[in-house]
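Q:
In UniProt numbering, the protein residues as written are 1 to 206.
Below, the structure written as structure tokens:
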């Protein structure tokens, strides 16, 4: 029997700030001064600033510091948003931003309880950007199995990059080592081939 994975949806603070950024962009910096949109951006920026100071910490330490330093700012942000919701026109961009934040509050708070969860999904979007740009070149992948195989390869490549490996060298190492174990029933050898394994050769590392 397979094990059940407990998945949680985490909100993206970059998306939360988007509507407010649209307001200041449309008005210009001078006209945007003193607006609720500008204040919202300042409050979100303060959360990002504190988060950036925790990047060097391990996950558990980051979680503790988030609870101690960032949670009060997050609590204050949502309290502030709710207190000003009725002060803006329902169809305005600022109102859309407020409504988005309120609807996503449960998900935007997830990062506070897990040091491994990032504040936004910018890194993930950056990772898939090259594939989106090159999608016109993928027309030859015209079967379900081909798409699955491609997804696996792309995932391995991006995981290698995230672990500061050279993708080409890493794939070369995999294709050299895996065939040596094709008849093995014990798959423990795969542990040494994972992107974060300390047993990978230095030629795979940046």
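Each residue gets a CB set at the ideal place from its N, CA and C atoms; glycine is no exception.
(1) Within the continuous alpha helix (DSSP H) that includes residue 80, where are the two ends?
(2) Please report the distance separating the alpha-carbon of residue 150 from that of residue 166.
(3) Can you tell me whether DSSP reads residue 205 as helix, strand or coil?
(4) With a threshold of 16 other CB atoms inside 10 Å of the CB of residue 119, please say whether the residue is buried or exposed.
(5) May I ask you to verify whether the segment 77 to 84 touches the segment 36 to 46, counting CB pairs closer than 8 Å and requiring at least 3?
(6) Can you tell me whether DSSP reads residue 68 as helix, strand or coil?
(7) Helix, strand or coil for residue 165? Go by DSSP, reduced to three states.
(8) Find the nearest neighbour of residue 209 within the set 103, 57 and 199, judged by alpha-carbon distance.
(9) Report the three-state DSSP secondary structure of residue 24 (helix, strand or coil).
A: In terms of the structure at hand:
(1) Walking along the chain shown from the start, residue 80 turns up at place 80. First-last of the alpha helix (DSSP H) with residue 80: 71 to 84.
(2) In the chain shown, counting from the first residue as 1, residue 150 sits at position 150. In the chain shown, counting from the first residue as 1, residue 166 sits at position 166. The C-alpha of residue 150 lies about 19 Å from the C-alpha of residue 166.
(3) Walking along the chain shown from the start, residue 205 turns up at place 205. It is a strand residue.
(4) Looking up residue 119 in the chain shown gives position 119. By the 10 Å Cβ count, residue 119 comes out buried.
(5) yes
(6) For the purposes of this step, residue 68 is identified with residue 68 of the chain shown, where counting begins at 1. The answer is helix: DSSP assigns residue 68 an H, G or I state.
(7) By one-based count along the chain shown, residue 165 stands at place 165. Three-state DSSP puts residue 165 in a strand.
(8) With the chain covering only 1 through 206, there is no way to say anything about residue 209.
(9) The residue you call residue 24 lines up with position 24 of the chain shown. Helix.
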